[in-house]
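Offset between the sequence shown (1-based) and the numbering used here: plus 793.
For each residue, glycine too, the CB sits at the ideal point set by N, CA and C.
Working notes, structure below.
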Amino acid sequence: MSQTAIVTGGGSGIGLGITKALLSKGYKVSVWDLSCILSHENLLYCKVDVTKTQTITQALEKTLSAFGKISVLVNSAGIAIACPVITLNSVHSLEDFERVLHVNIIGMFDVCRQVARHMVDGVIINISSINAYEGTRVISAYSASKGAVNGLTLPMARDLAQYGIRVVGICPGLIETPMGMLIKEVNRNIYIKETLSKRMGTTEELAHAVMFVIENKYMNGVNFRIDSGGINPHI
């Protein structure tokens, strides 16, 4: 019998790569995103804004009705707003800072708490970032949000272990996605030089890591990097 996976942010970028990998392995996939261009007989699209609890609840009900028990949850929905803490003439918008945290950590936690009630012997995979460890300039909000994602992994894993649910965080380096390509070319090239493979990662490589976590039942309560040994430079 096919297993069911939910992928937030599964309509584009990293999430889309993960969605494709899950479909290729025979999973039924419920994509929770603001939009989704992918079509497949085993794909259910639910329009979700993770900052709005009701849209999560409605998508969960729709997914359970269509596919039944949920085995995998991948949280890849996320945003970044580039802005320095201060400039000569302004300060970082508190509204923007709150928006990033609401999507990247509060919304993610809301998804986890609602979906976990309908999982048994499953796995939750939260897509974090190496910026949780080495935040670069102008992304204080993003780095803080990903640090919070990492900090949630172990306590959530301990809370959910009694139900057979694992929790793992994956911290990618620079991945070739629409979001990754928004970074200035000169800054991308500086980071690429810091990697051992001298290139950006691909969504397929990250999706492979997700599949590995799903299949390895002994992985739990840990955050791990997939970044080709890259260290975020001071740029």
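Assigned secondary structure, I849 (DSSP; H/G/I helix, E/B strand, else coil) = helix
ask   = So what does DSSP say about N924, is it helix, strand or coil?
value = helix
inquiry  = For Y838, report the span of its beta strand (DSSP E) as first-last.
reply    = L836 to K840
inquiry  = Assuming the contact rule is C-beta atoms closer than 8 angstroms, V1003 and I958 should be a hit. Round their C-beta distance to whole Å, please.
reply    = The Cβ separation is near 16 angstroms, so there is no contact.
message = If you follow the alpha helix (DSSP H) that R981 is in, where does it begin and where does it stop?
response = Run containing R981: E978 to E987, per the alpha helix (DSSP H) assignment.
query = In terms of residues, what are the limits of the beta strand (DSSP E) holding A798?
reply = T797 to T801
task = Kindly indicate the opening and closing residues of the beta strand (DSSP E) around S823.
result = K821 to D826
message = Please return the same chain residues whose Cβ sits closer than 7 angstroms to the Cβ of I1007, not counting the five positions on each side in sequence.
response = V865 and V916
task = In the DSSP assignment, find the alpha helix (DSSP H) that holds C876 and state where it starts and stops.
result = Premise fails: C876 is in no alpha helix (DSSP H) and is neither H nor E.
message = Taking 8 angstroms as the threshold (C-beta atoms), are T801 and K821 in contact?
response = 8 angstroms or more divides the Cβ of K821 from the Cβ of T801.
message = Rounded to the nearest angstrom, what separates I1024 and R1018 at their Cα positions?
response = Taking the straight line from one Cα to the other gives about 11 angstroms.
key: Residues of its chain near G861, where Cβ-Cβ distance is below 8 angstroms and the 5 sequence neighbours each way are ignored   = T797
task = Enumerate in chain order the residues of its own chain whose CB-to-CB distance from G808 is below 6 angstroms, with the five nearest sequence positions on each side excluded.
result = Here the set comprises V800, G802 and S869.
ask   = Hey, which unbroken runs of the beta strand (DSSP E) at 3 residues or more fall wholly within the stretch 901-960?
value = You should have 912-920.
inquiry  = For the pair the stretch 904-911 and the stretch 925-932, tell me if three or more CB-CB distances fall below 8 angstroms.
reply    = no
message = Closest to Y984 by C-alpha separation, out of I968, E997 and T996, would be which residue?
response = I968
inquiry  = Give me, in chain order, the residues of the same chain whose beta-carbon lies closer than 8 angstroms to that of V908; leave out the 5 immediate sequence neighbours on both sides.
reply    = I799, L853, I863, L866 and I917
task = Take the Cβ of K845 as the centre, count every other Cβ of all protein chains shown within 10 Å, and call the residue buried at 16 or more, exposed below.
result = Counting of Cβ neighbours within 10 angstroms places K845 among the exposed residues, the total staying below 16.
ask   = Near H833, what residues of its chain come up, given a Cβ to Cβ distance below 8 angstroms and the 5 sequence neighbours on each side ignored?
value = L816 and V822
task = Under 8 angstroms Cβ to Cβ from V913, same chain only, skipping five residues before and after it: list those, please.
result = K862, Y956, G957 and I958
message = Spatial neighbours of R992 within its chain, please: C-beta separation below 7 angstroms, excluding the five flanking residues on both sides.
response = I985
ask   = Expressed to the nearest angstrom, what Euclidean distance is found between the alpha-carbon atoms of H1001 and L887?
value = 37 angstroms
inquiry  = At the 8 angstroms Cβ level, is L853 part of the contact set with chain B, yes or no?
reply    = Included in the structure is just one protein chain, with no chain B present.
Where S883 falls, given that 16 or more other Cβ within 10 Å makes a residue buried = exposed
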